[in-house]
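Residue numbers (the numbering used here): 204 to 311.
Ideal Cβ placement from N, Cα and C applies to all residues, glycine included.
Structure record follows, encoded as structure tokens.
If you want it as structure tokens, here you go:
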């Protein structure tokens, strides 16, 4: 049986005029390669408001603990957030995101 991944990060982009959802997930045994980037993201910062017909990113770090979740409008995905999103998209696999209804930002 395979060892559980030390790192599991999923990013999901939703919204826009068509409301299309796309997602990517990376699972890795290389926590040391991901931890500095995850730590650099401002998880406790208050996200900007989201306008209608705009893209929204849901960023979820399931491992390593603590579990962290951020919901950010496209305009707030810059600096470490952009780097994390792009790296997950490049090194991860496309996934079909689950539909989420009424979820708000969770930090911590």
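Rounded to whole angstroms, the gap between the alpha carbons of residue 227 and residue 247 is 23 Å. Just so you know, the alpha carbons of residue 270 and residue 210 end up roughly 11 Å apart. Under DSSP, the beta-bridge partners assigned to residue 213 are 228 and 263. Inter-residue distance for residue 293 and residue 268 is about 23 Å (C-alpha atoms, whole angstroms).
Within its own chain, the residues whose Cβ lies closer than 8 Å to the Cβ of residue 208, once the five positions on either side in sequence are excluded, are 230, 231, 232 and 266, listed in chain order. Listed in chain order, the non-local C-beta contacts of residue 295 below 7 Å within the same chain comprise 227, 228 and 229, local neighbours out to five positions each way being set aside.
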